[in-house]
Structures are given as structure tokens and as C-alpha cells.
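Shown next, in C-alpha cells, is the structure this report addresses.
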Amino acid sequence: MRALVADSLERPAERVAVMEAAESALRRPSADGWALGAVESGQLVGCVVHGFFAGADRVGRILAMAVAPAVRRQGIGRALLDAAMTQLASEGARFILAEIPTGAAEHVPYTRFLANAGFTQEGRIDGYFRAEAALAIMRRDL
Ligand SMILES: CC(C)(COP(=O)(O)OP(=O)(O)OC[C@H]1O[C@@H](n2cnc3c(N)ncnc32)[C@H](O)[C@@H]1OP(=O)(O)O)[C@@H](O)C(=O)NCCC(=O)NCCS
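Per the numbering used here: the sequence shown ends with 350, consecutive numbering throughout.
What follows is the structure in C-alpha cells.
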């Protein structure tokens with residue numbers, strides 16, 4: 209997991225956040241966080257961490273995703289996202305939110321990836337992560 213996250217995310221702060229979400233989901237899988245992985249030739253090449261927003265009424269959440277750079281654009285991310293959404297739907301989710309950094313060039317792939325999967329932007333808070341990196345809230349109804 210550490211190698212995948214180190215390979216997939218440029219920024220230390222994002223690596224730490226994704227590792228924490230993944231480790232917590234692996235240690236104690238629950239509605240706060242489940243983790244699914246994609247394995248090729250015995251290597252972990254992708255993961256998604258997903259769960260529910262505590263206190264909300266059945267609102268699913270994509271907490272983190274990573275696909276190894278060498279195997280991107282082969283549908284692995286979409287397969288992981290679809291599996292996560294299927295699990296959330298079967299657990300009763302009404303819709304799904306992803307809170308994502310946006311604004312800098314490095315965020316374009318994930319933003320486009322979610323848009324391609326039917327997510328639309330519900331809100332945006334400028335300067336949330338860094339001066340050039342806003343928080344965007346993306347939503348997909350089930
Ligand atoms: C975002 C990410 C998970 C996508 O994984 P992936 O396996 O490459 O995605 P897929 O192959 O399933 O792509 C599905 C569709 O999403 C869109 N997409 C994916 N990557 C894209 C990119 N770099 N630019 C534009 N569109 C992209 C395309 O529409 C693509 O379909 P196509 O290849 O037929 O055109 C991967 O790029 C990644 O791990 N990025 C770094 C980590 C990250 O930003 N995580 C999110 C924050 S936790």
C-alpha cells in the first residue's frame with residue numbers, strides 16, 4: 209500500500225491523508241471506511257477507500273483513490289470506483305460525494321475521471337488546500 213501511495217501521489221500531505229484513510233479502513237473496515245484493491249501479477253496496483261459520512265442520512269463518500277502510474281488509463285480506476293459505488297448502494301447510500309482538490313494541473317486527472325463517471329460539481333471553496341488548490345465537492349446520484 210505504501211509503495212502504491214508513494215508512486216501515485218506527488219504531495220506529501222496528500223500521501224499522508226490517503227495512507228491514513230487506507231490504514232484505518234484496512235485495520236477496522238466499517239461504514240467509516242472500507243478499502244478495495246486491484247491486484248495484477250501479485251502486486252497491488254490500485255485502491256479505493258470509501259464509506260459513509262457520519263451523521264448524514266445515507267450519504268456515501270469516496271475518501272481516496274490511487275492507481276499506479278504504469279497502469280493508468282486501462283479502466284482500473286473505473287472498475288474500483290464502480291465496485292465501491294456498488295457496495296455503497298447495497299449498504300443503502302442515496303448518493304455519493306467526493307471531496308477533491310482542484311485548480312492545479314495535477315488535479316485534472318481525478319476531476320476528469322470523476323466527471324467521466326457521472327459526478328458533477330456541487331460546491332467549491334477556493335484556497336482550501338493551498339492558494340491554488342480549491343476544495344470541490346463532486347456528487348453522483350445512485
Ligand atoms: C484518477 C485515477 C485514480 C484514475 O485511474 P485510472 O485507472 O487511470 O482511470 P481509468 O482508466 O478507469 O479512466 C476512466 C476515465 O477517466 C478519465 N480519465 C482518467 N484519467 C484521466 C486523465 N489523466 N486525463 C483525462 N481524463 C482522465 C477518462 O475519461 C478515462 O476514460 P478513457 O481512458 O477511456 O478516456 C489515477 O489517475 C490516479 O491514481 N491519480 C493519482 C491519484 C489521485 O489523484 N487520487 C485522487 C485523490 S485521493
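All residues carry an ideal CB built from backbone N, CA and C; glycine is no exception. Because the structure is a prediction, the values reported are computed rather than measured.
8 Å Cβ cutoff met for residue i and residue j
{"i": "Ala-274", "j": "Gly-254", "result": "yes"}
{"i": "Gly-259", "j": "Arg-269", "result": "yes"}
{"i": "Leu-234", "j": "Ala-301", "result": "no"}
{"i": "Leu-244", "j": "Ala-291", "result": "yes"}
{"i": "Ser-368", "j": "Ala-276", "result": "No information on residue 368 is available, as it lies outside the stretch 209 to 350 that the chain covers here."}
{"i": "Glu-228", "j": "Glu-314", "result": "no"}
{"i": "Ala-325", "j": "Leu-288", "result": "no"}
Whole-number beta carbon distance between residue j and residue i, since they are thought to touch under 8 Å
{"i": "Arg-332", "j": "Ile-304", "result": "Actually they do not touch by this definition, with Cβ atoms about 18 Å apart."}
{"i": "Thr-310", "j": "Ala-342", "result": "5 Å"}
{"i": "Ala-246", "j": "Ile-284", "result": "5 Å"}
{"i": "Glu-330", "j": "Val-279", "result": "About 30 Å separates the two Cβ atoms, so there is no contact after all."}
{"i": "Leu-252", "j": "Met-209", "result": "6 Å"}
{"i": "Gln-282", "j": "Trp-242", "result": "That pair is no contact at about 23 Å."}
Span separating the alpha-carbon of residue i from that of residue j
{"i": "Val-256", "j": "Glu-340", "result": "25 Å"}
{"i": "Gly-250", "j": "Phe-327", "result": "31 Å"}
{"i": "Glu-222", "j": "Gly-335", "result": "16 Å"}
{"i": "Glu-307", "j": "Val-316", "result": "14 Å"}
{"i": "Val-226", "j": "Ser-298", "result": "24 Å"}
{"i": "Phe-337", "j": "Ala-344", "result": "10 Å"}
{"i": "Ala-262", "j": "Asp-240", "result": "7 Å"}
{"i": "Tyr-318", "j": "Arg-286", "result": "11 Å"}
{"i": "Phe-321", "j": "Arg-236", "result": "28 Å"}
{"i": "Val-213", "j": "Pro-220", "result": "10 Å"}
{"i": "Met-346", "j": "Ala-323", "result": "8 Å"}
One or two residues paired with residue i in a DSSP bridge
{"i": "Arg-348", "result": "Ile-304"}
{"i": "Ile-284", "result": "Per DSSP, none; premise fails for Ile-284."}
{"i": "Val-275", "result": "Gly-254"}
{"i": "Leu-343", "result": "Pro-309, Ile-333"}
{"i": "Arg-338", "result": "Ala-341"}
Inside the stretch 220-272 only - beta strand (DSSP E) runs reaching at least 3 residues
242-248, 251-260
Would you mind listing the alpha helix (DSSP H) stretches within the stretch 304-334 that are 4+ residues and don't spill past its ends, in chain order?
316-324
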